[in-house]
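Structure first, commentary second.
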Amino acid sequence: MIEITCTKTVAEQADPETLQKVLTIFLQQLFPGEHSVSLYLTDDMEMRELNREFRKRDQTTDVLSWSYWEDDPDAKCVGDLAVSLEQVTRQAQENGWPVETELARMLAHGCAHLAGWDHERSEEEARKMLELEIELLQLAGYSGIYSSGPSNK
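Numbering-wise (the working numbering), the sequence shown opens with residue 168 and increments by one.
Printed below as a string of structure tokens:
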């Protein structure tokens with residue numbers, strides 16, 4: 168099961184059907200068995216508050232993740248994701264692709280974090296995490312978006 172919650176400011180900007188499809192593919196690839204994830208779509212202001220509270224960084228960010236699976240591999244809910252649709256929209260414009268593509272990229276990135284990957288630990292892990300994200304995106308039908316390279320991450 169995938170639970171999607173949106174703040175009022177971004178509710179009309181997201182397609183729940185596409186998000187369900189993409190997240191289902193990512194979960195099936197990363198976590199054996201039946202698992203769920205919670206996705207919260209919000210704006211920059213709230214994302215900045217979350218980033219300040221949980222990462223001690225006083226700025227907005229694109230995606231935050233809270234993994235339950237790392238502590239308990241038997242947990243049915245692998246974790247929570249929060250995404251700033253305002254930040255995702257800016258990044259999509261910078262990268263020259265649709266917001267839907269950038270959102271899928273952030274979901275792949277967040278799900279990789281839920282599975283225990285961390286690009287901030289080492290350059291090698293960052294490279295392997297990116298390879299995993301590319302594989303996930305290809306499985307979800309987003310091929311070739313890294314050929315020109317994203318402007319961040």
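Ideal Cβ positions, reconstructed from N, Cα and C, are used throughout, including at glycine. Just so we're clear, the structure is a prediction, and the values are computed from it rather than from any experiment.
- Taken through DSSP and simplified to helix, strand or coil, Asp247 comes out as strand.
- Per DSSP, the continuous beta strand (DSSP E) segment holding Ile169 begins and ends at Ile169 to Cys173.
- Fewer than three pairs of CB atoms, one per stretch, sit closer than 8 Å, so the stretch 260-271 makes no contact with the stretch 281-290.
- Pairing Thr174 with Asp211 gives a Cβ-Cβ distance that is not under 8 Å.
- Rounded to whole angstroms, the separation of the alpha carbons of Leu270 and Gln305 is 14 Å.
- Positions of the beta strand (DSSP E) runs, each at least 3 residues long and wholly inside the stretch 197-230, are given as 203-209 in order along the chain.
- Below 8 Å, too few C-beta pairs join the stretch 215-228 and the stretch 293-307 to call them touching: fewer than three.
- In this structure Phe193 touches Leu274 by the C-beta definition: roughly 6 Å separates them, less than 8 Å.
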